Amino acid sequence: MNQNKILRNILLGGIFLLPALTPWIVAGNLFFPFITGKAYFFRILTEILFGVWLILMYRDPVYRPRWSLVMWAVAAFIGITLLANLFGANPYRSFWSNYERMEGFITLAHIFAYFIVAGAVVTGEKLWYWFFGVSIGASLLMDIFAFLQLAGELPINQGGVRVDGKLGNAAYLAMYNLFHIFLAAFLLLRAPALNLLKAWKEKNGAHFLFGSLCLVAVVCNTIILYHTATRGAILGLIAGSIVSLVLVAVFEKKNKKLARGSMWAIVVILALVLSFVLFKDASFVRESPVLSRFASISLSETTTKSRFMVWDMAWQGFKEHPILGWGQENFTVVFSKYYDPLMYEQEPWFDRAHNVVLDWLVAGGLLGALSYFFLFVSALYLLWSKSKTFSIVEKSVLSGLFVAYFSHNLFVFDNLVSYILFFSVLAYIHSESVESHGIVALEEKVVVLVRRVKGFFPRYSVAPLVVVLTVFSMYFFNYPSMAANVNLINGLENQKEGPAKNLSYLEKALSYHSFGGTEIAERFSITAYSVLISDKVDDQTKQTFYNDARSALVAQTDQDPNNVRILLFLGTFLDQAGKYDEALVYLERAYALAPKKQAVLFELGNAYIGKKDISNALSVLKTAYDLASDYREARLYYAAAAIHNKDNALADELLAPLADLGPVNDPRIINAYFATGQYGEMIAIYQKLIEKNPDDPQAYLLLASAYLQNSERTKAIVEIQKVINMRPDFKGQGEYYIGEIRAGRNP
Numbered sequence: 001m002n003q004n005k006i007l008r009n010i011l012l013g014g015i016f017l018l019p020a021l022t023p024w025i026v027a028g029n030l031f032f033p034f035i036t037g038k039a040y041f042f043r044i045l046t047e048i049l050f051g052v053w054l055i056l057m058y059r060d061p062v063y064r065p066r067w068s069l070v071m072w073a074v075a076a077f078i079g080i081t082l083l084a085n086l087f088g089a090n091p092y093r094s095f096w097s098n099y100e101r102m103e104g105f106i107t108l109a110h111i112f113a114y115f116i117v118a119g120a121v122v123t124g125e126k127l128w129y130w131f132f133g134v135s136i137g138a139s140l141l142m143d144i145f146a147f148l149q150l151a152g153e154l155p156i157n158q159g160g161v162r163v164d165g166k167l168g169n170a171a172y173l174a175m176y177n178l179f180h181i182f183l184a185a186f187l188l189l190r191a192p193a194l195n196l197l198k199a200w201k202e203k204n205g206a207h208f209l210f211g212s213l214c215l216v217a218v219v220c221n222t223i224i225l226y227h228t229a230t231r232g233a234i235l236g237l238i239a240g241s242i243v244s245l246v247l248v249a250v251f252e253k254k255n256k257k258l259a260r261g262s263m264w265a266i267v268v269i270l271a272l273v274l275s276f277v278l279f280k281d282a283s284f285v286r287e288s289p290v291l292s293r294f295a296s297i298s299l300s301e302t303t304t305k306s307r308f309m310v311w312d313m314a315w316q317g318f319k320e321h322p323i324l325g326w327g328q329e330n331f332t333v334v335f336s337k338y339y340d341p342l343m344y345e346q347e348p349w350f351d352r353a354h355n356v357v358l359d360w361l362v363a364g365g366l367l368g369a370l371s372y373f374f375l376f377v378s379a380l381y382l383l384w385s386k387s388k389t390f391s392i393v394e395k396s397v398l399s400g401l402f403v404a405y406f407s408h409n410l411f412v413f414d415n416l417v418s419y420i421l422f423f424s425v426l427a428y429i430h431s432e433s434v435e436s437h438g439i440v441a442l443e444e445k446v447v448v449l450v451r452r453v454k455g456f457f458p459r460y461s462v463a464p465l466v467v468v469l470t471v472f473s474m475y476f477f478n479y480p481s482m483a484a485n486v487n488l489i490n491g492l493e494n495q496k497e498g499p500a501k502n503l504s505y506l507e508k509a510l511s512y513h514s515f516g517g518t519e520i521a522e523r524f525s526i527t528a529y530s531v532l533i534s535d536k537v538d539d540q541t542k543q544t545f546y547n548d549a550r551s552a553l554v555a556q557t558d559q560d561p562n563n564v565r566i567l568l569f570l571g572t573f574l575d576q577a578g579k580y581d582e583a584l585v586y587l588e589r590a591y592a593l594a595p596k597k598q599a600v601l602f603e604l605g606n607a608y609i610g611k612k613d614i615s616n617a618l619s620v621l622k623t624a625y626d627l628a629s630d631y632r633e634a635r636l637y638y639a640a641a642a643i644h645n646k647d648n649a650l651a652d653e654l655l656a657p658l659a660d661l662g663p664v665n666d667p668r669i670i671n672a673y674f675a676t677g678q679y680g681e682m683i684a685i686y687q688k689l690i691e692k693n694p695d696d697p698q699a700y701l702l703l704a705s706a707y708l709q710n711s712e713r714t715k716a717i718v719e720i721q722k723v724i725n726m727r728p729d730f731k732g733q734g735e736y737y738i739g740e741i742r743a744g745r746n747p
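Numbering (full-length UniProt numbering), first residue to last: 1 to 747.
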């Protein structure tokens with residue numbers, strides 16, 4: 001076997017492995033193991049494959065890139081996204097992303113490299129059959145894993161009843177299933193050897209088995225897709241199936257039976273959808289965890305309302321930067337700036353618009369969104385206008401796949417696995433296009449470039465140079481952030497050597513200066529706070545934790561001054577440490593960037609209270625309350641500020657709606673009464689708490705503490721005695737408390 005064949009086989013093996021193995025990678029020793037593990041595996045393998053391909057391309061012109069409309073579309077998409085990132089809100093974050101997403105331009109660049117290599121090396125129908133067959137086989141194994149989750153034999157990683165396979169997210173698994181439903185159906189229709197009836201008649205066991213596996217894959221992936229309970233994906237499957245059937249019914253002229261059958265299939269699907277709408281309030285629907293999610297869809301549903309609010313924020317962001325947008329990974333800036341305070345019931349931070357159109361309008365502006373659309377347009381154009389190798393049915397199935405994928409993305413967002421599958425299909429259409437129409441003239445530019453390279457470098461120096469560059473890229477793009485990630489995880493776990501060892505790991509994580517710096521700083525501050533309030537850690541270690549965590553957070557705010565989240569983290573950490581003046585500096589900056597975000601206003605009010613600036617605290621927390629007066633947290637914060645201001649009438653008015661639900665035993669209210677010496681109010685709250693929970697020993701101890709603060713020592717002893725009577729095991733500790741109180745000391 002000559003060297004070119006060896007290189008080609010290495011490439012084919014790697015290309016086949018990427019879509020098959022990447023979904024299975026879970027790195028338990030990394031932060032965000034379902035995301036980071038897959039990303040590092042994909043990036044490193046892609047870098048190796050790209051290096052091998054460069055050597056092969058240099059040696060053999062057959063494997064040099066050929067141009068098609070799809071190739072131009074992908075190149076334009078990558079180029080416009082790069083421009084958007086360079087002129088965006090934070091080019092560094094746009095390029096590197098973070099551990100939670102592992103996207104950014106670096107992932108798109110690797111996807112582009114994968115697309116080029118796959119499109120150049122995987123040639124001929126047979127290879128593409130095997131390529132998709134391997135991926136379909138992997139999807140069947142994933143389905144088995146998900147079936148075991150359904151049976152309770154394996155845990156569902158995100159909890160609940162929605163299966164997530166090895167992707168860690170039900171929506172990600174749904175996207176994976178969606179692709180393989182259409183790919184398996186396409187392969188059944190595309191490969192003559194997989195015609196089950198023909199294989200059965202010819203007694204070709206291998207072909208019959210392979211075709212049967214594709215049919216099973218369609219069924220199993222559909223079942224698992226259903227059990228992900230991902231509404232966007234199921235709606236996408238319905239939309240994609242209808243589009244495929246409509247195309248067959250309209251354009252299939254040779255097989256009239258098939259066209260009529262497609263029409264009847266459309267009628268059946270629409271009848272099933274209509275039946276569901278009519279019976280959505282039936283008990284069998286309400287009791288189904290999947291069907292009930294569909295039945296709950298309405299404009300008043302919390303998730304639906306939040307989607308519309310986030311989409312409006314994205315639209316406002318697009319209008320501010322309409323041409324090139326804000327750059328990748330900068331939706332958080334838009335989210336904070338245009339935050340809708342009525343979103344208080346949702347998670348506090350959104351980094352995606354959960355709509356592919358709006359996500360690209362924000363990330364790349366109008367040019368970015370149009371370049372994304374052009375990926376679909378170019379593929380469909382080549383499929384329907386230029387391809388002579390696909391039948392009407394095959395074109396219809398692939399078109400349905402694109403519709404299903406796009407429809408699903410109208411409600412969620414892409415991930416690495418969906419990118420790999422999508423660009424694999426684009427590479428297939430590109431490859432089929434250039435094979436059926438010959439090499440486009442623009443390839444001559446590549447030939448000229450290679451000739452110039454050959455003239456500049458000696459013949460045997462290219463391979464070593466590529467090896468060196470590949471090793472460098474593997475280190476530069478992956479090692480620092482991987483090493484930082486491992487140290488972060490070690491720093492968050494309990495260490496037998498104690499907090500000093502955690503500190504060492506966290507400091508090491510920061511020392512790599514990786515793109516994970518923000519997440520490391522956030523986790524560092526959380527760990528540092530737990531150390532600061534611990535009575536088992538020496539003062540020197542506490543001070544070091546505080547200094548390092550503060551420095552890490554400050555460094556991140558300097559690097560990303562418009563990041564409201566990190567400003568809030570720093571302000572909160574300083575507030576918790578009692579550094580109120582410094583905390584106010586960062587919290588005021590956060591407030592200027594996100595004037596309607598209650599979380600910022602709450603912490604700003606807290607810092608003012610800590611500083612004893614009650615007037616400003618009251619003003620800030622009133623603003624938070626006025627933004628959404630139905631928000632319970634805002635009501636409690638404002639009431640606490642009123643108590644600090646000795647305005648009990650206002651506090652009582654604010655707390656009245658909550659008091660109807662029981663005693664307002666909230667730490668903010670209790671602390672406010674305590675800080676202002678209103679122990680009688682504390683006593684009243686705890687007495688009501690005992691009335692509601694007469695068997696709760698903790699309630700009696702709280703009441704005893706309030707009596708003690710109010711100098712009613714005898715009553716405090718009575719309450720402690722009640723706890724002793726309720727819990728004999730408390731007798732020793734209770735009698736100690738009583739002895740201390742009788743001696744005139746507060747235990």
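For glycine and all other residues, C-beta sits at the position ideal for the given N, C-alpha and C.
For clarity, every value in this text was computed on a predicted model and none was experimentally measured.
Considering only residues of the same chain and omitting the five flanking positions on each side of residue i, which have a CB-CB separation below 7 Å?
i    : result
V486 : N29 and L30
F390 : L383
Y338 : M313, Q316 and G317
L108 : I78 and T81
Grab the span of the alpha helix (DSSP H) containing residue i for me, first residue to last.
i    : result
G168 : That residue, G168, is in no alpha helix (DSSP H); it is neither H nor E in DSSP.
W311 : T302 to E320
H513 : Here H513 belongs to no alpha helix (DSSP H), and DSSP marks it neither H nor E.
E110 : Note that residue 110 is His in the sequence shown here, rather than Glu. It spans G104 to V121 - the alpha helix (DSSP H) in which H110 sits, taken as one unbroken run.
E603 : Q598 to G610
V248 : R231 to F251
R8   : Q3 to L21
I738 : K731 to R742
H408 : I392 to N409
K692 : Y679 to K692
Find the nearest neighbour of residue i within the set the options, judged by alpha-carbon distance.
i    : options                   : result
M313 : F350, F294 and P289       : F350
Y114 : T470, D538, S424 and D539 : S424
F145 : P23, L189, A295 and A184  : P23
G516 : I55, R93 and G88          : R93
A483 : G498, L510, T541 and S336 : L510
K646 : V664, A363, I741 and I609 : I609
L178 : Q149, V219 and N157       : V219
D164 : L367, K388, D143 and A404 : D143
E301 : E345, L488, R43 and E582  : E345
P667 : Y637, S396, P91 and A549  : Y637
F402 : L278, M175, Y479 and I670 : M175
R162 : T228, H110 and S212       : T228
Look at the alpha carbon of residue i and the alpha carbon of residue j, and state the distance between them as a whole number of angstroms.
i           : j    : result
A170        : G159 : 10 Å
I720        : V333 : 53 Å
residue 751 : I224 : Outside the shown range of the chain, which is 1 to 747, sits residue 751, and nothing can be said about it.
I738        : L627 : 48 Å
L587        : T572 : 8 Å
N330        : Y700 : 51 Å
F674        : M682 : 8 Å
S711        : L154 : 57 Å
I614        : M343 : 27 Å
Whose C-beta lies closer than 8 Å to the C-beta of residue i among residues of the same chain, with five residues either side of it excluded?
i    : result
I266 : I242, L245, V246 and A249
V440 : Note that V440 has pLDDT 47, beneath the 50 cutoff, so the model's placement of it is unreliable and no number is given.
G734 : I720, Q721, V723 and I724
Y381 : L69
S298 : T304
Apart from the five residues just before and just after residue i, which ones in its own chain have a Cβ nearer than 6 Å to its Cβ?
i    : result
A184 : I136, C214, A217 and V218
L655 : A639 and V664
Compare the C-beta of residue i against all C-beta atoms of chain B and say whether one is closer than 7 Å.
i    : result
N330 : Absent here is chain B; the protein component of the structure consists of one chain.
Determine, using beta-carbon pairs with one atom in the segment 552–568 and one in the segment 593–602, whether at least three such pairs fall under 8 Å.
yes
For the 8 Å Cβ check, are there 3 or more pairs between the segment 285–293 and the segment 228–235?
yes
Quick one: any contact between the segment 463–476 and the segment 494–501, if contact means 3 or more CB pairs under 8 Å?
no
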